[in-house]
Each structure stands twice: as C-alpha cells, then as structure tokens.
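The next block holds one structure in the form of structure tokens; read it before the comments.
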Amino acid sequence: MKWSHFFTSAVGRKIVMALTGLFLISFLIVHVGLNSCIFNDLPYFDHNDNGSMFNRAAHFMGASLVIRIMEIGLLAGILLHIIQGYAVEVKNRSMRSKGYQVNLGSRGSTWMSRSMALLGTLVFLYLVIHVAQFWWPSRVSHDLEKVTYNGIEMHNLYLRMYEVFQHGWVVILYLVGVAALGFHLLHGFHSAFRSIGVHNKKYLFMLKSLGYGFSIVVCLLFALMPVSMYLNWVSPFN
Amino acid sequence: MEHYNMNLTLKVWRQPNKTSDGKFETYQVKNISSEMSFLEMFDVLNEQLVMEGRDPIAFDHDCREGICGMCSMFINGRPHGPWHATTTCQLHMRAFKDGDTIVVEPWRANGFPVIKDLVTDRTSFDRIIQAGGFISVNTGNAVDGNAIPIEKDHADASFAAAACIACGACVAACKNASASLFLSAKVAHLGLLPQGYPEKKNRVLSMVSQMDKEGFGSCTFTGACEAVCPKEISITNISRMHKDYLFAGLSSEK
Ligand code: FES
C-alpha cells in the first residue's frame, strides 16, 4: 500500500488526526507545566518571586536550540492537524448531500463529539490571538521589556502577561478559548486513542477517565492564569 | 399490554425515481392496531392507496423477522424507529399513541441513493463485501467442535460482530455517513476466527479502499451508530478495524 493512499483513506486521515492530536496534547503538558511557574508568585509559595521562575523557564525554552527545532515540529503538527481536520470535516459533510427532515440530533452522541470542527475553529482563532500576543513579540519582533537575573538578560514575558491580562475583555476571550480547548479535548483525547486502534475495553475506560481528568485540570490551570493576573493574585509588583 | 387502536398522521417521503425530486406527502391511517408491526401498518396504508387508485409507497422488506436487514426506514429522526435494538419490521405500533404524527424518510447518504420512495440502493455494501469480506478458499464441511482451538473471547467477539445484518442504520445515523461500523463488524467477524485470519491484512485494506470509492465518510467516534444499531454492534469494532488497518498498511510490502 502506497504511503499517499495509506494516509488519505477514510481511516488513514483519522490516524493522522489522532497522531497529530496526541502530539499536540504532549505539547500542552509542557506548556501548562511551564506557565504554571507564574503561580510561584502566590503568597503561599514565594511572594517575592515576581515572575522570575516563569521568566527563566521561558528564557530556557527560547534560548535552547533543541527546543527551537522542536518548535518547528510543533508548527508542522499544528498545521497538519488544522488542514487535515478541515479536509476530514469537508469530506464528511459532503457525504450526505440531502439531509433529514427530522434529525437524530443528540440521541446517542455528545455535543462535543459532533462539534469538533467548530471547537477546533474556536481554538484556532484563539491561538492566532495568543501567538500574536506572546509568541511573536518574544521570538520574532523582540519588543519586550528586559529583565536580568544572575547577570543574564532576558525578556520579561511575565510583565507582558500581566499587562495583557489587565483588560477584562482579553481575560474573557481567553476563558472562551480555553473552554473551547477543554471541550475539544474531552472528546479528542479518548477518540484519538480509538482512532489509532485501542479497542480493549479496560484501556478505553482508563483513557476516557484520564482524558476527562486531563482536560479539566489543564484547562483549569490555563484559565487560572489570566484570572489570577487580572485579580492581582500574582503580579510583577510587590 | 393492553390492546388499543389508533389513528395516525404519516408524513412519508415520496420520490418517483432516482433522478426526480421527491417531497413529503401526508396520509391519514385509521384504526391501526397496537399489535401490528410498523410494516403491517404500511401494508394497510398501501392497500388504502391502491383502492384509491394511487401509487403505493415503495419500501424494502424481506424476512420481517429482524434478520435480513432490508427494512430501512428513518422514523421520527431515528433509523428503525424509537425502540432500542429493533429493526423496523420488529417495531410494533404500541410504540406510538393515538393521534401521533410519524415522519418516515429513506436512509440519507450519498452511498445509498434513493431508488424510489423509501427504497435506497445499498449495493455499495455488497461491493464493500466483494472487495474482501470473505474467505477465499472453501473451508469445507463443519468440523468437530473444538477440533480447531479458538480463544473464547475471540469467538464471542466474532459472533457478536457477525450479528450485523448490513441494514445500513449506522450510515443513516452517522453525521459523516460513515460505513465504519458495518465494515468493522465484517472485519472483526472474519478476522478473529482462524479461517479468516490469514487474509486479515488484505481484507481490511481492500474493504477500506472500497468504502472510500463508495462515498462514505470517516469515523469520528460520536457513538451514534452504536446507539441505533438494531444488532447492538459495538463501536469498539471500529477501533479494532483501525488497528488492523494501521498494522496492515505499515507492514504491507507494496
Ligand atoms: S424485513 Fe428483514 S430485518 Fe426487517
């Protein structure tokens, strides 16, 4: 079987979606872990941190060549997931030219499982804003304030976060984006494993539970970031 | 359960042939017994239409005992009507109340074009079977039980999958009009038994490629197919089919 055919059949396309999806999930783990460094500024941990832990972690991510190369892989993964996702959606939608008068609707399936393209689009729009606000200034245009720790100068990304999240509407936009990501993951996490062939009921139950837990914890942490900055639970000044 | 009679309003899709546009027509049926099957109710309606000199409604049916998979009707937004794990022919009128309006549509999928009224052309399923849903050699007469050892779990899973009657309800319900539940049932049914095992790889590759040609979508694991399947075929078969496809595709020499 030719590779081109292998990846473009009805099953192959879903295998691509699953593999890229799982790759992006692994990225989310790194991203949420690293960004959670901002919570080190909470009084419970180290109120004088003022973002130094986060800034240094972000600097490590930006300065190391290995990670910059992985970033290219990540970009490829995202693009593939988006392009293939739309291709699958368009193809699937075209398979029923004439619809029903009375639809099956929600009988037998969850809303998020039927709305992956919509949720994915919301996540994509959110991603564009997110990249423009953080990734672009720190990696491309370099127009961020500088800060020095132990004699090493780096971007004060933490300050940037704080400034961005002082606007209520940005916080709301982020919450909507994160919610869309959460619902996308609620279905996508276990569905990805099904698509690459996990059929053992024992594992499917485990993966579904893990997927729900993962989606909730990751999105809660992401949601807390803009909220805690907006409410000044963590801030660069104290 | 107590017997009762009912009067019903039926909205049925009428379409003279494959190429013409169809439309819904409304019919009244009176004194329908709660003990009748849904198809018998259609027989009553058709007799009424014949008496009036009108064209009776074309619908598929054969065994009328839930095993052939011909009776494809999309009833009130659900394939085979409201009852769980029941084909249209086994659906009884006690599922409805006096005065109900019932909307009856044909399967809607590009892989199942409408031929007339509620009858769709489902030969696409036959072609998918012809692509690989068989064992190439004659396996002979039934051998002594246990002459070929078969793991109990595999035998059970294979038998459960073999219950598929290829009615197409999975396609009708799927938002992507995917034939994955049907195809995966056939792949599991044959591939899990020793007679079908040797051709497992080619089977899945050929059947999937035929499914693509016939105009069915990909599976997105919404679970709608499993929920409406009259034979309760499990969606885990689809994951098994994806696994077989993955291994077969990766290990193929060509
Ligand atoms: S007529 Fe055979 S299954 Fe309904």
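Line order of the protein sequences matches chains A and B. Here the working numbering is used: the first residue of the first sequence is 6, the next is one more, and so on. Here the working numbering is used: the first residue of the second sequence is 2, the next is one more, and so on. Glycine included, every Cβ here is placed at the ideal spot set by N, Cα and C. All of these numbers come straight from a predicted model, not from anything done at the bench.
Between A173/B and S35/B, the gap from beta carbon to beta carbon reaches 9 Å or more.
Between E150/A and the set N60/A, L47/A and A15/A, the nearest pair of CA atoms involves N60/A. For S146/A against G67/A, the beta-carbon gap comes to about 13 Å, at or over 8 Å, which does not count as contact. Its Cα nearest to that of D56/B, the residue P17/B stands out among F75/B, A161/B and P17/B. At a cut-off of 8 Å, the beta-carbon of E215/B does not count as near ligand 1: no heavy atom of the ligand is closer than that. The C-beta of H155/B comes no closer than 9 Å to any C-beta of chain A. When the beta-carbon positions are compared, G169/B and A186/B stay at least 9 Å from each other. Nearest CB-CB separation between W84/B and chain A: not below the 9 Å threshold. Contact check for L191/B against F11/A fails: the beta carbons are separated by 9 Å or more. Between ligand 1 and the CB of R79/B, the shortest heavy atom gap is not smaller than 8 Å. In the three-state DSSP reduction, S235/B falls in the coil class, being neither helix nor strand.
Residues of the stretch 203 to 228 of chain A with a Cβ closer than 9 Å to any Cβ of chain B, in chain order: V203, H204, N205, K206 and L209. With a cutoff of 8 Å, E66/B counts as near ligand 1, since its C-beta is closer than that to a heavy atom of the ligand. Relative to the non-hydrogen atoms of ligand 1, the Cβ of G70/B comes within a distance shorter than 8 Å of at least one. Rounded to whole angstroms, the separation of the alpha carbons of F170/A and L184/B is 51 Å. Within the chosen limit of 8 Å, ligand 1 does not reach the beta carbon of H195/A with any heavy atom.
At least one C-beta of chain B is nearer than 9 Å to the C-beta of F11/A. D245/B has a beta carbon lying within less than 9 Å of a beta carbon in chain A.
Within the model, the alpha-carbon separation for C230/B versus G173/A is close to 48 Å. The Cβ atoms of H195/A and G125/A lie no closer than 9 Å to each other. Interface flag for Q106/A against chain B is set, since a Cβ pair is found closer than 9 Å. As summarised for the stretch 33 to 62 of chain B, the continuous alpha helix (DSSP H) elements at least 4 residues long and confined to that stretch are 39 to 52, given in chain order. Annotated as proximal: D101/B and T10/B, with beta-carbon spacing under 9 Å. Residues of chain B with a Cβ closer than 8 Å to the Cβ of L178/A do not exist, since the nearest Cβ in that chain sits about 28 Å away. Inclusion of H81/B and M71/B in the CB contact set at 9 Å is not warranted, their separation being larger than that value. Residue side-chain check: T121/B keeps its Cβ at 8 Å or more from all non-hydrogen atoms of ligand 1. Contact of N111/B with chain A by beta-carbon distance below 7 Å involves M100, R101 and S102. In chain order, G82 and V105 place their CB closer than 6 Å to the CB of I76/B, counting only its own chain and leaving out the 5 sequence neighbours on each side.
Listed along chain B, the residues sitting closer than 8 Å to N97/A by beta-carbon distance are K176, N177, A178, S179, G218, S219 and T221.
Only those residues of the stretch 186 to 219 of chain B whose C-beta falls short of 8 Å from the nearest C-beta of chain A are listed: L206, V209, S210, M212, D213, G216, F217, G218 and S219. Pairwise C-beta distances place the stretch 180 to 187 of chain A in contact with the stretch 216 to 230 of chain A, as three or more of them are shorter than 8 Å. Closer than 9 Å to the CB of S159/B there is not a single CB belonging to chain A. For the C-beta of G78/B, the chain A residues within less than 9 Å are, from N- to C-terminus, Y105, Q106, V107, N108, L109, G110 and R112. Per DSSP, N6/B is not a residue of any alpha helix (DSSP H); the beta strand (DSSP E) it occupies stretches across N6 to R15. I43/A and L225/A have their alpha carbons spaced roughly 14 Å apart. For R79/B, DSSP records a beta bridge to I76/B.
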